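Reading through the C-alpha coordinates given below for one structure.
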Amino acid sequence: MLRRSKHTKHADITNLREKLGQIAYKATRAGTVLITDREMKAQGLDASLVQDVMVCVMGYRGCTDKLYDDDTLLCFSHQCLQEYLSAHHIVFDMAFGDFKKFVKEKLDTDHWAVVRRFVSGLLIDNKRYKEKRVIIRRRLNIPRPEALYRFRAARKLKGDWYLQNTLSKYRKLCARQDQRPKDSTKKRILDIMMQGREFNSREITKYMASCFPSINANFSFTSLSISEAHAIGLILRHVSKKVFRLGFYNCSMDSNAFVHICDAIINMRGTVDEMYIMCNNLSSVEDICRILVKINCRLTMWGCFNDEAGGMGRNANEHEQRLLQQSLNSIVSTASLAIGKPTLRMNNQTDSMRKFVRFCPTQTSSSHTSCKGRLPYNNSTQMWYTNCKSGV
(Lines of atoms letter the chains of each structure in order from A; the text may use other names.)
(Lines give C-alpha, C1' and ligand atoms only; values in the text may rest on other atoms or scores of the structure.)
Protein backbone atom coordinates (compact mmCIF):
# COMPACT_ATOMS: atom_id res chain seq x y z
CA MET A 15 0.00 0.00 0.00
CA LEU A 16 2.78 2.43 0.88
CA ARG A 17 4.77 1.56 -2.22
CA ARG A 18 1.83 2.35 -4.50
CA SER A 19 1.05 5.63 -2.81
CA LYS A 20 1.83 8.85 -4.64
CA HIS A 21 2.61 10.43 -1.26
CA THR A 22 5.50 8.06 -0.54
CA LYS A 23 7.09 7.45 -3.93
CA HIS A 24 10.17 9.47 -2.90
CA ALA A 25 10.23 8.34 0.75
CA ASP A 26 12.24 5.62 2.46
CA ILE A 27 9.63 2.86 2.71
CA THR A 28 11.73 0.73 5.06
CA ASN A 29 12.19 3.66 7.44
CA LEU A 30 8.46 4.49 7.34
CA ARG A 31 7.50 0.90 8.06
CA GLU A 32 9.97 0.66 10.93
CA LYS A 33 8.60 3.79 12.59
CA LEU A 34 4.99 2.80 11.98
CA GLY A 35 5.80 -0.59 13.49
CA GLN A 36 7.04 1.05 16.69
CA ILE A 37 3.89 3.17 16.89
CA ALA A 38 1.66 0.16 16.22
CA TYR A 39 3.43 -2.00 18.82
CA LYS A 40 3.11 0.67 21.52
CA ALA A 41 -0.57 1.20 20.71
CA THR A 42 -1.29 -2.54 20.76
CA ARG A 43 0.55 -2.93 24.04
CA ALA A 44 -1.51 -0.07 25.50
CA GLY A 45 -4.73 -1.61 24.16
CA THR A 46 -5.75 1.36 22.04
CA VAL A 47 -6.27 2.11 18.36
CA LEU A 48 -5.79 5.84 18.82
CA ILE A 49 -2.58 7.79 18.31
CA THR A 50 -2.00 11.51 18.76
CA ASP A 51 -0.13 13.61 16.24
CA ARG A 52 2.42 14.33 18.97
CA GLU A 53 3.32 10.64 18.99
CA MET A 54 3.66 10.72 15.21
CA LYS A 55 5.95 13.74 15.39
CA ALA A 56 8.01 12.04 18.10
CA GLN A 57 8.86 9.39 15.49
CA GLY A 58 9.62 12.06 12.92
CA LEU A 59 6.57 11.24 10.82
CA ASP A 60 4.14 13.51 9.06
CA ALA A 61 0.64 12.07 8.80
CA SER A 62 0.41 13.25 5.20
CA LEU A 63 3.21 10.82 4.27
CA VAL A 64 1.26 7.83 5.53
CA GLN A 65 -2.31 8.95 5.05
CA ASP A 66 -3.04 5.73 3.13
CA VAL A 67 -2.70 3.73 6.35
CA MET A 68 -3.83 6.38 8.84
CA VAL A 69 -7.18 8.09 9.29
CA CYS A 70 -8.07 11.10 11.41
CA VAL A 71 -10.66 10.68 14.16
CA MET A 72 -12.38 13.96 14.98
CA GLY A 73 -14.44 14.56 18.09
CA TYR A 74 -13.63 11.26 19.76
CA ARG A 75 -14.65 11.40 23.43
CA GLY A 76 -13.38 8.05 24.62
CA CYS A 77 -9.72 9.01 24.95
CA THR A 78 -8.46 9.08 28.53
CA ASP A 79 -5.45 11.31 27.83
CA LYS A 80 -5.78 15.07 27.94
CA LEU A 81 -5.85 16.51 24.44
CA TYR A 82 -4.56 19.93 23.60
CA ASP A 83 -6.13 22.18 21.01
CA ASP A 84 -3.47 21.43 18.43
CA ASP A 85 -3.70 17.66 18.86
CA THR A 86 -5.16 15.43 16.19
CA LEU A 87 -6.29 11.90 16.93
CA LEU A 88 -5.17 9.31 14.39
CA CYS A 89 -5.71 5.59 14.01
CA PHE A 90 -4.86 2.95 11.45
CA SER A 91 -7.38 2.70 8.62
CA HIS A 92 -7.88 -1.00 9.45
CA GLN A 93 -7.02 -2.67 12.73
CA CYS A 94 -5.23 -5.53 10.96
CA LEU A 95 -2.74 -2.96 9.70
CA GLN A 96 -1.90 -2.11 13.30
CA GLU A 97 -1.52 -5.78 14.18
CA TYR A 98 0.55 -6.56 11.09
CA LEU A 99 2.89 -3.63 11.71
CA SER A 100 3.17 -4.69 15.36
CA ALA A 101 4.21 -8.17 14.23
CA HIS A 102 6.65 -6.69 11.72
CA HIS A 103 8.28 -4.68 14.52
CA ILE A 104 8.46 -7.75 16.77
CA VAL A 105 10.05 -9.96 14.11
CA PHE A 106 12.42 -7.60 12.31
CA ASP A 107 13.19 -4.71 14.67
CA MET A 108 12.87 -6.00 18.24
CA ALA A 109 16.10 -6.98 19.99
CA PHE A 110 16.52 -10.70 20.61
CA GLY A 111 16.42 -10.32 24.40
CA ASP A 112 13.23 -8.26 24.25
CA PHE A 113 11.78 -10.79 21.79
CA LYS A 114 12.38 -13.69 24.21
CA LYS A 115 10.75 -11.71 27.02
CA PHE A 116 7.74 -10.85 24.84
CA VAL A 117 7.27 -14.47 23.76
CA LYS A 118 7.45 -15.68 27.36
CA GLU A 119 5.07 -13.11 28.85
CA LYS A 120 2.61 -12.08 26.14
CA LEU A 121 2.59 -14.32 23.08
CA ASP A 122 0.01 -16.81 24.38
CA THR A 123 -2.49 -14.20 25.61
CA ASP A 124 -5.75 -13.49 23.77
CA HIS A 125 -4.85 -9.80 23.45
CA TRP A 126 -2.03 -10.67 21.04
CA ALA A 127 -3.88 -13.44 19.16
CA VAL A 128 -3.94 -11.78 15.73
CA VAL A 129 -0.40 -10.42 16.14
CA ARG A 130 0.69 -13.97 16.98
CA ARG A 131 -0.67 -15.18 13.64
CA PHE A 132 1.27 -12.52 11.74
CA VAL A 133 4.44 -13.28 13.73
CA SER A 134 4.15 -16.98 12.88
CA GLY A 135 3.55 -16.18 9.23
CA LEU A 136 6.52 -13.82 8.97
CA LEU A 137 8.86 -16.41 10.50
CA ILE A 138 7.78 -19.52 8.55
CA ASP A 139 10.42 -19.42 5.80
CA ASN A 140 12.68 -16.73 7.23
CA LYS A 141 16.16 -18.27 7.49
CA ARG A 142 17.72 -14.99 8.59
CA TYR A 143 15.83 -15.05 11.89
CA LYS A 144 16.20 -18.75 12.62
CA GLU A 145 16.68 -18.24 16.38
CA LYS A 146 13.39 -16.37 16.69
CA ARG A 147 11.67 -19.01 14.56
CA VAL A 148 12.88 -21.81 16.86
CA ILE A 149 11.62 -19.96 19.94
CA ILE A 150 8.19 -19.43 18.39
CA ARG A 151 7.88 -23.07 17.41
CA ARG A 152 8.87 -24.34 20.84
CA ARG A 153 6.63 -21.86 22.66
CA LEU A 154 3.55 -22.75 20.63
CA ASN A 155 4.31 -26.47 21.07
CA ILE A 156 3.64 -27.11 17.40
CA PRO A 157 3.16 -30.82 16.64
CA ARG A 158 4.61 -32.66 13.67
CA PRO A 159 2.49 -32.01 10.58
CA GLU A 160 1.98 -35.73 9.96
CA ALA A 161 0.46 -36.18 13.43
CA LEU A 162 -2.26 -33.63 12.81
CA TYR A 163 -3.13 -33.73 9.14
CA ARG A 164 -5.02 -36.97 8.62
CA PHE A 165 -6.59 -35.74 5.42
CA ARG A 166 -4.49 -35.49 2.29
CA ALA A 167 -5.88 -32.23 0.91
CA ALA A 168 -4.54 -30.18 3.82
CA ARG A 169 -0.96 -31.43 3.66
CA LYS A 170 -0.07 -28.45 1.52
CA LEU A 171 -0.75 -26.32 4.60
CA LYS A 172 1.62 -28.25 6.84
CA GLY A 173 4.13 -25.40 6.81
CA ASP A 174 1.71 -23.06 8.57
CA TRP A 175 2.70 -23.52 12.20
CA TYR A 176 -0.01 -21.34 13.62
CA LEU A 177 -2.69 -23.23 11.70
CA GLN A 178 -1.39 -26.57 12.95
CA ASN A 179 -1.41 -25.39 16.53
CA THR A 180 -4.88 -23.85 16.21
CA LEU A 181 -6.49 -26.99 14.75
CA SER A 182 -4.81 -29.17 17.35
CA LYS A 183 -6.24 -27.00 20.14
CA TYR A 184 -9.66 -27.04 18.49
CA ARG A 185 -9.75 -30.85 18.31
CA LYS A 186 -8.81 -31.17 21.99
CA LEU A 187 -11.31 -28.50 23.08
CA CYS A 188 -14.17 -30.20 21.22
CA ALA A 189 -13.35 -33.52 22.86
CA ARG A 190 -13.21 -31.80 26.25
CA GLN A 191 -16.55 -30.09 25.62
CA ASP A 192 -18.19 -33.50 25.11
CA GLN A 193 -16.69 -34.88 28.32
CA ARG A 194 -16.73 -31.91 30.74
CA PRO A 195 -18.64 -28.89 29.38
CA LYS A 196 -17.37 -25.54 30.66
CA ASP A 197 -18.10 -21.94 29.74
CA SER A 198 -14.42 -21.22 29.13
CA THR A 199 -14.17 -24.17 26.73
CA LYS A 200 -17.08 -23.12 24.52
CA LYS A 201 -15.74 -19.57 24.31
CA ARG A 202 -12.37 -20.83 23.13
CA ILE A 203 -14.07 -23.11 20.60
CA LEU A 204 -16.06 -20.15 19.28
CA ASP A 205 -12.89 -18.05 18.96
CA ILE A 206 -11.22 -20.75 16.85
CA MET A 207 -14.37 -21.10 14.72
CA MET A 208 -14.10 -17.39 13.96
CA GLN A 209 -10.50 -17.93 12.91
CA GLY A 210 -11.58 -20.92 10.82
CA ARG A 211 -13.83 -18.63 8.83
CA GLU A 212 -10.83 -16.41 8.09
CA PHE A 213 -8.83 -19.38 6.77
CA ASN A 214 -11.40 -19.63 3.96
CA SER A 215 -10.47 -23.23 3.19
CA ARG A 216 -13.01 -25.95 2.47
CA GLU A 217 -10.59 -28.64 3.65
CA ILE A 218 -10.02 -26.90 6.98
CA THR A 219 -13.75 -26.34 7.44
CA LYS A 220 -14.45 -30.04 6.84
CA TYR A 221 -11.76 -31.01 9.33
CA MET A 222 -13.27 -28.70 11.95
CA ALA A 223 -16.69 -30.22 11.21
CA SER A 224 -15.31 -33.71 11.83
CA CYS A 225 -14.16 -32.56 15.29
CA PHE A 226 -17.45 -30.79 16.10
CA PRO A 227 -18.85 -31.87 19.53
CA SER A 228 -21.37 -34.65 19.00
CA ILE A 229 -22.64 -35.00 22.58
CA ASN A 230 -22.85 -31.49 23.94
CA ALA A 231 -22.48 -28.74 21.32
CA ASN A 232 -23.50 -26.07 23.77
CA PHE A 233 -23.14 -22.34 23.04
CA SER A 234 -25.69 -21.25 25.65
CA PHE A 235 -25.23 -18.05 27.67
CA THR A 236 -22.91 -16.67 25.00
CA SER A 237 -23.99 -13.51 23.22
CA LEU A 238 -23.73 -14.50 19.56
CA SER A 239 -23.24 -11.86 16.89
CA ILE A 240 -24.23 -12.39 13.26
CA SER A 241 -20.62 -13.10 12.28
CA GLU A 242 -20.21 -15.65 15.10
CA ALA A 243 -23.44 -17.41 14.12
CA HIS A 244 -22.18 -17.43 10.52
CA ALA A 245 -18.89 -19.01 11.64
CA ILE A 246 -20.78 -21.75 13.51
CA GLY A 247 -23.01 -22.32 10.50
CA LEU A 248 -20.08 -22.71 8.10
CA ILE A 249 -18.80 -25.64 10.15
CA LEU A 250 -22.16 -27.09 11.19
CA ARG A 251 -23.33 -27.53 7.60
CA HIS A 252 -20.47 -30.02 7.01
CA VAL A 253 -21.23 -32.13 10.11
CA SER A 254 -22.15 -35.64 8.98
CA LYS A 255 -22.71 -37.23 12.40
CA LYS A 256 -25.69 -37.01 14.72
CA VAL A 257 -25.44 -34.24 17.32
CA PHE A 258 -27.09 -35.28 20.58
CA ARG A 259 -27.54 -31.80 22.08
CA LEU A 260 -27.27 -28.44 20.30
CA GLY A 261 -27.76 -25.53 22.69
CA PHE A 262 -28.36 -21.84 21.97
CA TYR A 263 -30.09 -20.94 25.24
CA ASN A 264 -29.96 -17.21 26.08
CA CYS A 265 -27.61 -16.26 23.25
CA SER A 266 -29.28 -12.90 22.43
CA MET A 267 -29.72 -14.08 18.85
CA ASP A 268 -32.01 -12.26 16.46
CA SER A 269 -33.38 -13.74 13.25
CA ASN A 270 -30.49 -12.31 11.20
CA ALA A 271 -28.07 -14.47 13.20
CA PHE A 272 -30.36 -17.48 13.65
CA VAL A 273 -30.90 -17.87 9.90
CA HIS A 274 -27.24 -18.95 9.52
CA ILE A 275 -27.77 -21.69 12.10
CA CYS A 276 -30.98 -22.82 10.39
CA ASP A 277 -29.41 -22.93 6.93
CA ALA A 278 -26.58 -25.04 8.32
CA ILE A 279 -28.93 -27.51 10.03
CA ILE A 280 -30.97 -27.92 6.84
CA ASN A 281 -27.84 -28.62 4.76
CA MET A 282 -25.96 -30.82 7.23
CA ARG A 283 -25.85 -34.55 6.48
CA GLY A 284 -26.41 -35.46 10.12
CA THR A 285 -29.34 -34.68 12.41
CA VAL A 286 -29.88 -33.17 15.85
CA ASP A 287 -31.51 -35.08 18.71
CA GLU A 288 -32.23 -32.14 21.02
CA MET A 289 -32.08 -28.41 20.33
CA TYR A 290 -32.54 -25.56 22.79
CA ILE A 291 -33.21 -22.00 21.61
CA MET A 292 -34.90 -20.50 24.67
CA CYS A 293 -34.59 -16.83 25.65
CA ASN A 294 -33.56 -15.26 22.34
CA ASN A 295 -34.86 -12.39 20.20
CA LEU A 296 -36.23 -14.15 17.12
CA SER A 297 -38.81 -12.38 14.99
CA SER A 298 -39.61 -15.11 12.47
CA VAL A 299 -41.15 -18.53 13.10
CA GLU A 300 -40.53 -19.69 9.51
CA ASP A 301 -36.87 -20.49 10.23
CA ILE A 302 -37.90 -22.73 13.13
CA CYS A 303 -40.44 -24.50 10.92
CA ARG A 304 -37.72 -25.28 8.38
CA ILE A 305 -35.50 -27.16 10.82
CA LEU A 306 -38.20 -29.33 12.43
CA VAL A 307 -37.51 -32.10 9.93
CA LYS A 308 -33.92 -32.38 11.24
CA ILE A 309 -34.83 -32.50 14.96
CA ASN A 310 -35.13 -36.08 16.21
CA CYS A 311 -36.20 -35.67 19.82
CA ARG A 312 -36.99 -32.29 21.25
CA LEU A 313 -37.03 -28.61 20.43
CA THR A 314 -37.32 -26.39 23.50
CA MET A 315 -38.12 -22.80 22.57
CA TRP A 316 -39.89 -20.96 25.38
CA GLY A 317 -39.24 -17.24 25.41
CA CYS A 318 -37.36 -17.36 22.12
CA PHE A 319 -39.33 -14.65 20.28
CA ASN A 320 -38.69 -10.94 20.42
CA ASP A 321 -40.89 -9.20 22.98
CA GLU A 322 -41.83 -5.78 21.64
CA ALA A 323 -42.76 -4.73 25.17
CA GLY A 324 -39.10 -5.01 26.14
CA GLY A 325 -39.38 -8.15 28.27
CA MET A 326 -37.08 -11.16 28.49
CA GLY A 327 -38.71 -12.78 25.45
CA ARG A 328 -42.11 -14.21 24.70
CA ASN A 329 -43.54 -17.60 23.82
CA ALA A 330 -45.11 -18.47 20.49
CA ASN A 331 -48.46 -16.78 19.88
CA GLU A 332 -51.45 -18.53 18.33
CA HIS A 333 -50.41 -17.72 14.76
CA GLU A 334 -46.88 -19.02 15.33
CA GLN A 335 -48.19 -22.15 17.04
CA ARG A 336 -50.44 -22.80 14.06
CA LEU A 337 -47.53 -22.53 11.63
CA LEU A 338 -45.44 -24.87 13.75
CA GLN A 339 -48.28 -27.38 13.88
CA GLN A 340 -48.73 -27.21 10.11
CA SER A 341 -45.04 -27.93 9.65
CA LEU A 342 -45.29 -30.96 11.92
CA ASN A 343 -48.34 -32.19 10.04
CA SER A 344 -46.55 -31.87 6.70
CA ILE A 345 -43.63 -33.92 8.01
CA VAL A 346 -45.94 -36.78 8.93
CA SER A 347 -48.10 -36.54 5.79
CA THR A 348 -45.01 -36.66 3.60
CA ALA A 349 -44.11 -39.99 5.15
CA SER A 350 -47.68 -41.28 4.55
CA LEU A 351 -47.93 -42.76 8.04
CA ALA A 352 -51.27 -43.99 9.33
CA ILE A 353 -50.59 -42.65 12.81
CA GLY A 354 -52.18 -39.81 14.74
CA LYS A 355 -50.61 -36.48 13.82
CA PRO A 356 -48.23 -34.81 16.29
CA THR A 357 -49.28 -31.71 18.16
CA LEU A 358 -47.61 -28.91 20.05
CA ARG A 359 -48.09 -29.51 23.76
CA MET A 360 -48.11 -26.32 25.82
CA ASN A 361 -49.41 -25.36 29.22
CA ASN A 362 -52.42 -23.12 28.62
CA GLN A 363 -53.19 -22.18 32.22
CA THR A 364 -51.30 -18.89 32.36
CA ASP A 365 -48.83 -17.13 30.12
CA SER A 366 -46.25 -17.16 32.89
CA MET A 367 -46.34 -20.96 33.06
CA ARG A 368 -46.28 -21.56 29.30
CA LYS A 369 -42.64 -22.49 29.19
CA PHE A 370 -42.07 -25.66 27.20
CA VAL A 371 -42.95 -26.43 23.62
CA ARG A 372 -42.80 -30.16 23.08
CA PHE A 373 -44.07 -32.53 20.45
CA CYS A 374 -46.40 -35.36 21.48
CA PRO A 375 -48.98 -37.61 19.76
CA THR A 376 -52.65 -36.77 20.05
CA GLN A 377 -53.62 -40.30 21.07
CA THR A 378 -54.32 -40.82 24.75
CA SER A 379 -54.01 -44.60 24.77
CA SER A 380 -51.87 -46.40 27.31
CA SER A 381 -49.10 -46.76 24.76
CA HIS A 382 -48.40 -43.04 25.10
CA THR A 383 -48.35 -42.76 28.88
CA SER A 384 -44.66 -43.62 29.11
CA CYS A 385 -41.96 -40.98 29.03
CA LYS A 386 -41.07 -41.57 25.39
CA GLY A 387 -42.89 -42.75 22.30
CA ARG A 388 -41.41 -43.35 18.87
CA LEU A 389 -42.93 -42.02 15.69
CA PRO A 390 -40.87 -42.73 12.53
CA TYR A 391 -41.51 -40.39 9.64
CA ASN A 392 -38.93 -41.33 7.02
CA ASN A 393 -36.30 -43.92 6.26
CA SER A 394 -33.28 -42.07 7.61
CA THR A 395 -34.38 -40.38 10.82
CA GLN A 396 -36.97 -40.76 13.53
CA MET A 397 -38.97 -38.19 15.46
CA TRP A 398 -39.22 -38.77 19.18
CA TYR A 399 -42.04 -37.17 21.07
CA THR A 400 -41.88 -36.56 24.79
CA ASN A 401 -45.18 -36.73 26.65
CA CYS A 402 -45.66 -33.79 28.99
CA LYS A 403 -46.47 -34.38 32.61
CA SER A 404 -49.50 -32.67 34.08
CA GLY A 405 -48.85 -29.02 34.84
CA VAL A 406 -45.54 -28.79 32.94
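Here the numbering used here is used: the first residue of the sequence shown is 15, the next is one more, and so on.
The C-beta atom is built at its ideal place from N, Cα and C for all residues, glycine as well.
Treat the numbers as computed from the prediction; the structure is a model and nothing was measured.
Shortest Cα-Cα distance from Phe-90 to any of Asp-107, Leu-48, Lys-118 involves Leu-48. The Cβ atoms of Ile-279 and Val-286 lie closer than 8 Å to each other. Counting along the chain, the unbroken alpha helix (DSSP H) around Glu-217 starts and ends at 216-224. Bridge pairing for Phe-90: Met-68 [DSSP]. Using a Cβ-Cβ distance cut-off of 8 Å, the stretch 129-139 and the stretch 97-108 are in contact, since at least three pairs of beta carbons, one from each stretch, lie closer than that value.
From the listed residues Ala-231, Leu-337, Ala-25, Leu-238, the smallest Cα separation to Ser-62 is found for Ala-25.
In the DSSP annotation of this structure, the continuous segment of the alpha helix (DSSP H) that includes Asn-270 starts and ends at 269-281. Taking the Cα positions, Ser-269 is about 21 Å away from Arg-211.
Each residue's CA atom was taken as its position, placing Thr-180 and Arg-312 some 34 Å apart. With respect to Ile-240, Ala-223 sits apart: the two C-beta atoms are not nearer than 8 Å.
Within the DSSP bridge table, the entry for Leu-296 names Phe-319 as partners. Met-108 sits in coil when the DSSP states are folded into three classes, being neither helix nor strand. In the structure shown, the three-state DSSP call for Thr-180 is helix.
Of the residues assessed, Phe-262 falls on the buried side of the cut-off, its CB having 16 or more other CB atoms within 10 angstroms.
When the beta-carbon positions are compared, Cys-265 and Ser-234 come within less than 8 Å of each other.
In this structure, Met-292 keeps its C-beta atom at 8 Å or more from the C-beta atom of Ile-302. Nearest C-alpha to Arg-43 among Met-54, Val-64, Ala-101: Ala-101. Within the model, the alpha-carbon separation for Leu-187 versus Arg-52 is close to 45 Å. DSSP lists Arg-259, Arg-312 as the beta-bridge partner residues of Glu-288.
Rounded to whole angstroms, Asn-343 and Arg-336 show a C-alpha spacing of 10 Å. Between Ile-246 and Met-282 the beta-carbon gap is near 12 Å, outside 8 Å, which marks them as no contact.
In this structure, DSSP gives Ala-231 an extended state, which the three-state scheme calls strand. Burial is judged here by how many other beta carbons sit within 10 angstroms of a residue's own beta carbon; Ala-243 has at least 16 and is buried. The shortest CA-to-CA distance from Lys-308 to any of Val-253, Ala-271, Ala-330 is the one to Val-253. In this structure, the alpha-carbon of Glu-97 lies about 49 Å from that of Ser-341. 8 Å or more divides the Cβ of Val-69 from the Cβ of Leu-99.
Between the beta-carbon of Gln-209 and that of Lys-200 there is about 15 Å, and that puts the pair past the 8 Å contact cut. Cβ-Cβ separation between Lys-120 and Trp-126: approximately 5 Å, consistent with a contact (criterion under 8 Å). Buried is the label assigned to Thr-219, since at least 16 other Cβ atoms lie within 10 Å of its Cβ. In the three-state reduction of the DSSP assignment, Arg-142 falls in the coil class, being assigned neither a helical nor a strand state. Taking Arg-259 as the centre and dropping the five residues before and after it, the same chain places the C-beta of Asn-230, Glu-288 closer than 6 Å to its C-beta, in chain order. By a beta-carbon distance limit of 8 Å, Asn-329 contacts Gly-317. Their separation comes to about 6 Å. By the neighbour-count criterion, in which 16 or more other beta carbons inside 10 Å mark a residue as buried, Ile-27 falls on the exposed side. Residue state for Arg-202 is assigned as helix, using DSSP reduced to three classes. Rounded to the nearest whole angstrom, the CA to CA distance from Asn-295 to Ile-203 is 23 Å. Under DSSP, Ile-49 shares a beta bridge with Leu-88.
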